[in-house]
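**Q** To start, I am sharing the structure in question, which I have written as structure tokens.
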Amino acid sequence: MNQEQVRKQIENMKAFIMKEAQEKRDEILAKADEEFSMEKARLLQAERMKIAKDYERKEKQLETNKKIAYSNQLNQARLKVLKAREDIVVHLKERAQDRLAELGKPGQEYETLLQQLILQALIKLDETKVSLRCRKDDESSVKSVLSAAVEAFKQKSHKKDVKVTIDTVNYLPAGPGKSNSLVSCCGGVVLSAHDGKIVCDNTLDQRLALAFDANIPKIRSLVFSS
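Residues 0 to 225 (numbering that gives the first Met the number 0) are what the sequence shown spells out, left to right.
Okay, structure coming up:
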């Protein structure tokens, strides 16, 4: 084989090697491009899913916050309604107490009421030695009806020896507008026995409180029926 033939063979081998290398390079580049495209698509899809999940989470959180805010506003509105209703009930009780204060003013009608209140309290206690507390302004009225109340109690209870002592030290508070303290009394009496161990509060204020508490459902039904 002469030199020309050797040169051509070498050139052919070089061309073959270059072609193989080129094809291999193209194959590697194509595969790299394919893998890059796949990885890019995967990353984009992952990012889209992440954004979608984040959006969904934020949307749910926003909806939850709206529900919480609505619930809080609804509760506040309910509390305001309840407070307004309670204020109305308290106002009604105050008006009733004002009427009681009028009832507790000196006069024949009030003295008759005092006699009935004393008799009721004596029957309730059912004792023979009783201490009676009243307002200082009512002391003379109480004294004027006490004997009649005691006699009525004796007839009902068949007790012969009944003693009622008016407490001239611990008077009940004065009526509304007359008392120097925050506590007042519209009238009535408080009877006790056995050194105060047994007590019957038969004041007008206590009678109102008991009647009011017992009829709260009915009062609310009448006032807030609409």
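Each residue gets a CB set at the ideal place from its N, CA and C atoms; glycine is no exception.
Is the segment 186-194 close to the segment 125-141, with three or more CB pairs under 8 Å?
**A** Contact between the segment 186-194 and the segment 125-141 is present: 3 or more CB-CB pairs across the two stretches fall below 8 Å.
**Q** Pick out whichever of Q44, Y69, R47, E85 has its Cα sitting closest to the Cα of R219.
**A** The residue given as residue 219 occupies position 220 in the sequence shown. If we check each option's Cα against that of R219, E85 comes out closest.
**Q** From which residue to which residue does the beta strand (DSSP E) around N201 run?
**A** As a first step, residue 201 must be located in the sequence shown, where it is residue number 202. That run of the beta strand (DSSP E) goes 197-202.
**Q** Does the contact criterion of 3 or more C-beta pairs under 8 Å hold for the segment 65-83 versus the segment 194-212?
**A** no
**Q** With a CB to CB cut of under 6 Å and the five nearest residues on each side skipped, what residues in its chain are close to A192?
**A** For the purposes of this step, residue 192 is identified with residue 193 of the sequence shown, where counting begins at 1. If we look at A192 and ignore the five residues flanking it on each side, its Cβ neighbours are L124, E126, V129.
**Q** For the structure I just gave you, are there three or more beta carbon pairs, one from the segment 150-162 and one from the segment 88-104, closer than 8 Å?
**A** no
**Q** With DSSP as the reference, label A192 as helix, strand or coil.
**A** As a first step, residue 192 must be located in the sequence shown, where it is residue number 193. Strand.
**Q** Going by other Cβ atoms of all chains shown within 10 Å of its Cβ, with 16 needed for buried, is L43 buried or exposed?
**A** For this step, residue 43 is matched to residue 44 along the sequence shown. L43 should be labelled exposed.
**Q** Which partner residues of I165 appear in the DSSP bridge assignment?
**A** Taking the sequence shown and counting its residues from 1, the one referred to as residue 165 is at position 166. Bridge partners of I165: L131.
**Q** If you draw a straight line from the C-alpha of I165 to the C-alpha of P172, how long is it?
**A** For this step, residue 165 is matched to residue 166 along the sequence shown. For this step, residue 172 is matched to residue 173 along the sequence shown. Approximately 15 Å between the Cα atoms of the pair.
**Q** Can you have a look at S139 and say buried or exposed, based on whether 16 or more other CB atoms are within 10 angstroms of its CB?
**A** The residue given as residue 139 occupies position 140 in the sequence shown. It is exposed - the Cβ of S139 has fewer than 16 other Cβ atoms within 10 Å.
**Q** Report the three-state DSSP secondary structure of L171 (helix, strand or coil).
**A** One-based indexing of the sequence shown puts residue 171 at position 172. Here DSSP, grouped into helix, strand and coil, assigns L171 to strand.
**Q** Closest to S237 by C-alpha separation, out of L99, V222, P105, K142, would be which residue?
**A** Since the displayed the chain opens at 0 and closes at 225, residue 237 lies outside it and no answer follows.
**Q** Assign D204 to buried or exposed, taking buried as 16 or more other Cβ atoms, counted over all protein chains shown, within 10 Å of its Cβ.
**A** Sequence index remark: in the sequence shown, residue 204 carries index 205 (1-based). Its Cβ being crowded by 16 or more others within 10 Å, D204 is buried.
**Q** So is the beta-carbon of T63 under 7 Å away from any non-hydrogen atom of the ligand FAD?
**A** This structure lacks the ligand FAD, and indeed carries no ligand of any kind.
**Q** Since G187 sits in a beta bridge, which residues does DSSP pair it with?
**A** Taking the sequence shown and counting its residues from 1, one reaches residue 187 at position 188. Answer is T202, bridged to G187.
**Q** Please classify G174 as buried or exposed, where buried requires at least 16 neighbouring CB atoms within 10 angstroms.
**A** Sequence index remark: in the sequence shown, residue 174 carries index 175 (1-based). Answer is buried; the Cβ neighbour count reaches 16.
**Q** Is the beta carbon of D136 sitting closer than 8 Å to the one on L113?
**A** Counted from its first residue, the sequence shown places residue 136 at position 137. Counted from its first residue, the sequence shown places residue 113 at position 114. No. Outside cutoff.
**Q** Comparing C-alpha positions only, which one of V141, R94, A148, K92 sits nearest to L118?
**A** As a first step, residue 118 must be located in the sequence shown, where it is residue number 119. Of the listed residues, the one whose Cα sits closest to L118 is A148.
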